[in-house]
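Asker: Protein chains in written order, with our numbering: chain A, 1 to 182; chain B, 1001 to 1736. In this text, a Cβ means the ideal position worked out from N, Cα and C, and glycines have one as well. Please read these numbers as outputs of a predicted model, since none were measured by experiment.
Structure below.
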C-alpha cells in the first residue's frame, strides 16, 4: 500500500512497491495521459513532475515516492489546457500522432520553470524526449512562443506558383498560426 | 472541454474554441468516455446525438454542426483534417462547426463498403479518395439546397449558400443546414454524373494552411489511444516470441510464476510465442520476464549481419538478376567511356519504432468478436479478427483508434491482432489487452529491407553521363508479405524510384545506355514497408552516385543533373525550386557545405538541399535543409510542412542506426542502442511547396527519399570522401 499525492490529491494504491510509477499512474490510478514508450528512461513519453522536477516515471518505483512528494501528470498541468506551453502547442499545431506529446509538454513546462527564456542550446539540452513523427521544429518554436521569445511560426513554408490562389496563414493574430508562409 | 477552453481567456480565440470543440465532438464522444462503444458503432454517435445523415459522408446536427465521416486512419499525418477540408469545401458548411467522425470496418462491410477503402498506406489517404469524398460533400450540399427550395417552393437555382446558411435573395429568406437536414435526407441523391466539383482555383478551405481539427485532446492527456483503453473486467497480456525469427516455442514452466500477484494464466499464442495474462500489464510483463521458457532457435540462429552481407554481396554479380530497364548497351557504353566510375553501396535493416508499441484489445464471446486497435487498415484488422477467431465477418467488429505512429508497421500484416485474438480466445467474454514491450516491438518488426547496390557509370569527354548500370541485391518485401505481386519472378517493387515507366516513382534522368537490375536475396528476417519504402535505399544509391559521377566529370552536381533532366520537366522544376530556395552556389559560412538530391515516390516529386559541416573529429552537424515537393495539389500546406519536417527526422534513422543481426536475432532492442533523431539533431527545415495542380500525389512519404542522399552528398563535399554504407558510425562519423 502506498500513499501518493497526484495532481494535488492524496490517494492510496495497493501495489507492489517495485512497480514503476508509470504503471501505477496508468493502471491503478487510471491516468493514461502519461505514456509508455521504452521503459528505460530513454524516450521521455512517461515524463511527469515530481516536486517541480521533470522525471521519467517508467524508471521510478512507487516505493521510492513518499506521500509528501508532489506528483503532477499532464492531466494536472492545468485544469483547462491553459498552461502557456499547452497554449503554444495548440497555436502551432505541434502534435502529429500525439503519443509523445504529454511527455514533451511536461519536459517543456519544467524547462520554462527553470529557464523562463531558454536559448536553443537550453532546449537541445533539456528536451531529450523522442518524437518519432518528428515534431521537433514546432516543439522548439512553441517553447519560444510560450517563453515570449517567439520568432515566427513553427514551420517555414515557401509557397510557389498555383492557379492564382493566395495562401494565408491560419490563426487569428493573437498567436501566430501553425506555419510561417512566404 | 468546450467550456474549459472557452473559459481560458482572451488568448484563445473563438475560432480555436470552435475547432477544439468540434474535435472533441468527433473523437470525444466515441473515445473520450473510454467506454466500450460496441453497443453503439462509432459512426452512429453523431446520429445518436440528434444528427441527420444527409449522406454517408455528412451528418448535420440541429445546431448546424457538420459531422464529416472519415474512413482512413489518422496516425498524425493529418489526413483527417485534409479529408474534412475537401468535403467541407464542396459542402459549403461553416468550417468552425465541422467535426470528424471515424467509421468502423464492420459498418463499412455492413453497408457494402460504401466508404470504400480504409487502408492508409502508400501515401494514399488523400490522393486515393479526394474525388469521392468531394463528391460526397457536393451531393450533400445539393440535397440540402433542394430541401430548402422545396420548403419555400422556389427554384433551387435561385438559392445561394455560404457557411451552411442558405439564402433566397429574391424573397429575403434564409435558413441553415441544421434546419433542413431532415428533409434533405429524404431526397433522392443526385446522379454522381451531374455533380460538378469546384476547380482548385476556387477553393476556399482546401489548399489553405488551416489548423488541424485533432489537436485539442493531444495537449492535455485526454486523447485515448488503443493502449489507454479501459473496459470493465479488462485483463492484460504481455507476450514474448522466440527471439530468433523462425524459431519455435518448446515449453515453459507455468508453475514457476502462477502464484505471482495478479497472474491469471499463461497462453501458448502460436508455435513461437507465449503470453502471460494478469490483472495489470506490469504484473503480466514482470511475470513473463520471470517465466522459464525453452526455445528451439533452429538453424536461423547461425545467421548474423556478416552472413547476410555475404549473401547479398554474391547477388551483386550473380546471373539470376532481372533487368527492369535495359536501354542501349550500358556495359559497352561504360567500358568505352572517357571516364568510368564504380561504387558499391549498402543500407541496413531498420525498424519502425512507433512510439506506441504494438497492442490491441480483444473480446470474444460465443457469437461476437471485437478488437480495439491502432491500425493503418481497419478492414485488414477485421479480417484478421474473423479468421483468427473463427467467427464470420458479420459477427466481428474492429474499432480503430488514432495511432501512436504507423510508418507502415500497422497496415497489412496485422500480426498483433492475430496474437491478441489467440490470447483472448482463452478468456471467453473477457476483454484482454495485449501490449508489446519496447523490446518485443523492436525485436519482432517487419524491418525495412536490407540491400546492397553496385553502380557503374561512364562519362564522355564533355562530362555527360552516357552509360549507367545499377545492380541492386537485397531482400524483397513482396517475397515476404505479398508473393502474388511478383510477376514472372520479377519483383519490380524493389527498384521503386528507378522505374522508367509510369508516374508514381519515375526515374528522373535520360541516360542513353541504362541498365537497372535486381537480384532477389532474401533472408530469414521479416521485412515490410517502412515510410518511403524502397525509395529510401534507392534514393541513396542513385543520388549519391550521381554526385560521384558529377565529380568524376568535373561538373557541379546540380548542373550535371540538369543536363540529364530535359525530358523530365516536373523532376527538374522541383530540383530547381530546392536549389533556388536552398541558395545553391551562393557563399556559405566557413566549414559548411551543401549537398543536393532529387527523387520521386508516391506520385510526387521531391528534391532537397542540405547544409552540413563535419568537424575534424567526425562530428556531423546538419544546419539547414530545404525540401521542395510537388504533390500536384496541396490540400493543407501547414500539414505538408509538418510531414516534410517529420520525414527529415525519420529519415535520419539510417544515418544514426541499424538493426543488426546477431545469432539470428535483432541486436538493438531499445532506444539506448537503436538511436533515433532528437531535437538537438533536427536541422532548420524549410518546405518549398510547388504544386502544378494537374495530378494528385502523396505527401506522407515522398520527401523522405531525398533526406539522406542530400546529407550524404554534403558530407562528401565537406570531407572529400563518399559515404557508401550506413549508419554513419561505420565511418567514424557521429550526428551532432
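How long is the line joining the alpha carbons of residue 1736 of chain B and residue 1624 of chain B, rounded to whole angstroms?
Answerer: 13 Å
Asker: Could one say the Cβ of residue 1558 of chain B lies closer than 8 Å to chain A's Cβ atoms, at least one of them?
Answerer: Taking Cβ atoms only, chain A never reaches closer than 8 Å to residue 1558 of chain B, which makes this a no.
Asker: If we define contact as Cβ-Cβ less than 8 Å, is residue 1701 of chain B a contact residue for chain A?
Answerer: Interface criterion not met: the Cβ of residue 1701 of chain B is under 8 Å from no Cβ in chain A.
Asker: Based on Cα-Cα distance, which residue from B:1620, B:1509, B:1514, B:1576 lies nearest to residue 1566 of chain B?
Answerer: The alpha carbon of residue 1566 of chain B has as its nearest neighbour, out of B:1620, B:1509, B:1514, B:1576, the alpha carbon of B:1509.
Asker: Whose C-beta lies closer than 7 Å to the C-beta of residue 51 of chain A among residues of the same chain, with five residues either side of it excluded?
Answerer: 69, 70
Asker: I want to verify the contact list: residues of chain B whose CB lies under 8 Å from the CB of residue 75 of chain A, in sequence order.
Answerer: In chain order, 1220, 1221, 1222 make up the part of chain B whose C-beta sits under 8 Å from the C-beta of residue 75 of chain A.
Asker: According to DSSP, is residue 1807 of chain B helix, strand or coil?
Answerer: The requested residue 1807 of chain B does not occur in the structure, where chain B is confined to residues 1001 to 1736.
Asker: Residues in the same chain with beta-carbon distance under 7 Å from residue 1721 of chain B, minus the five sequence neighbours each way, listed in chain order, please.
Answerer: none
Asker: On the DSSP bridge assignment, give the partners of residue 1605 of chain B in chain order.
Answerer: For residue 1605 of chain B, which the question treats as bridged, DSSP gives the partners B:1600, B:1630.
Asker: Any idea if residue 1727 of chain B is buried or exposed, counting beta-carbon neighbours within 10 angstroms, 16 or more meaning buried?
Answerer: A residue is called buried when at least 16 other Cβ atoms come within 10 angstroms of its Cβ; residue 1727 of chain B meets this threshold and is buried.
Asker: Let me confirm a value: residue 1106 of chain B is counted as buried when at least 16 other C-beta atoms fall within 10 Å, else exposed. Which label applies?
Answerer: Around the CB of residue 1106 of chain B, 16 or more other CB atoms lie within 10 Å, so the residue is classed as buried.
Asker: Thinking C-alpha only, which one of B:1247, B:1245, B:1236, B:1249 is nearest residue 1285 of chain B?
Answerer: B:1236
Asker: Mind listing the chain A neighbours of residue 1650 of chain B? Cutoff is C-beta to C-beta under 9 Å, in chain order.
Answerer: 132, 133, 134
Asker: Excluding five sequence neighbours on each side, which residues of the same chain lie with their C-beta closer than 6 Å to the C-beta of residue 1557 of chain B?
Answerer: 1547, 1550, 1596
Asker: Let me know if residue 1688 of chain B comes out buried or exposed under the rule of 16 or more other beta-carbons within 10 Å of its beta-carbon.
Answerer: Residue 1688 of chain B is buried by the Cβ-count criterion.
Asker: Within 10 angstroms of the Cβ of residue 1686 of chain B, are there 16 or more other Cβ atoms? Answer buried if so, exposed if not.
Answerer: Buried is the call here.
Asker: Are the CB atoms of residue 1261 of chain B and residue 53 of chain A nearer to each other than 8 Å?
Answerer: no
Asker: Can you tell me where the beta strand (DSSP E) with residue 1524 of chain B in it begins and where it stops?
Answerer: Bounds of any beta strand (DSSP E) do not take in residue 1524 of chain B, whose DSSP letter is neither H nor E.
Asker: Nearest to residue 1294 of chain B by alpha carbon, out of B:1319, B:1316, B:1268, B:1308?
Answerer: B:1268
Asker: For the beta strand (DSSP E) containing residue 1469 of chain B, list its first residue and its last residue.
Answerer: 1465-1474
Asker: Are the CB atoms of residue 1159 of chain B and residue 1147 of chain B nearer to each other than 8 Å?
Answerer: no
Asker: Could you work out which residues of chain B lie near residue 12 of chain A, taking near to mean beta carbons separated by less than 8 Å?
Answerer: Near residue 12 of chain A there are no residues of chain B at all, since even the closest Cβ is about 16 Å away, more than 8 Å.
Asker: Using a Cβ cut-off of 8 Å, which residues of the stretch 95-106 of chain A contact any Cβ in chain B, in chain order?
Answerer: 95, 96, 97, 98, 99, 100, 101, 102, 105
Asker: Are at least three pairs of beta-carbons, each pair with one atom in the stretch 1667-1685 of chain B and one in the stretch 1438-1447 of chain B, less than 8 Å apart?
Answerer: yes
Asker: Which runs of the beta strand (DSSP E) fall wholly inside the stretch 1329-1387 of chain B and span at least 3 residues, in chain order?
Answerer: 1339-1347, 1359-1364, 1369-1373
Asker: Between the stretch 1234-1246 of chain B and chain A, which residues of the former have CB atoms less than 7 Å from a CB of the latter, in chain order?
Answerer: none
Asker: Touch check for the stretch 1156-1174 of chain B and the stretch 1188-1195 of chain B: three-plus C-beta pairs under 8 Å?
Answerer: no
Asker: By Cβ distance below 8 Å, which residues in the same chain neighbour residue 1071 of chain B in space, the five residues on each side in sequence not counted?
Answerer: 1102, 1103, 1108, 1115, 1116, 1117, 1118, 1129
Asker: Whole alpha helix (DSSP H) runs in the stretch 109-136 of chain A with 4 or more residues, listed along the chain?
Answerer: 120-126
Asker: Using the beta-carbon of each residue, which ones in chain A are nearer than 9 Å to residue 1403 of chain B?
Answerer: Within 9 Å of the CB of residue 1403 of chain B, the CB atoms of chain A belong to 97, 99, in sequence order along the chain.
Asker: Per DSSP, what kind of secondary structure is residue 1295 of chain B in: helix, strand or coil?
Answerer: Residue state, collapsed to three classes: strand.
Asker: Please report whether the beta-carbon of residue 20 of chain A lies at a distance below 8 Å from any beta-carbon of chain B.
Answerer: yes
Asker: What is the rounded straight-line gap between the Cα of residue 1310 of chain B and the Cα of residue 1316 of chain B?
Answerer: 10 Å
Asker: Specify, as a first and last residue, the run of the alpha helix (DSSP H) that residue 1141 of chain B falls within.
Answerer: 1130-1152
Asker: Any idea if residue 1 of chain A is buried or exposed, counting beta-carbon neighbours within 10 angstroms, 16 or more meaning buried?
Answerer: exposed
Asker: Within 10 angstroms of the Cβ of residue 1342 of chain B, are there 16 or more other Cβ atoms? Answer buried if so, exposed if not.
Answerer: exposed
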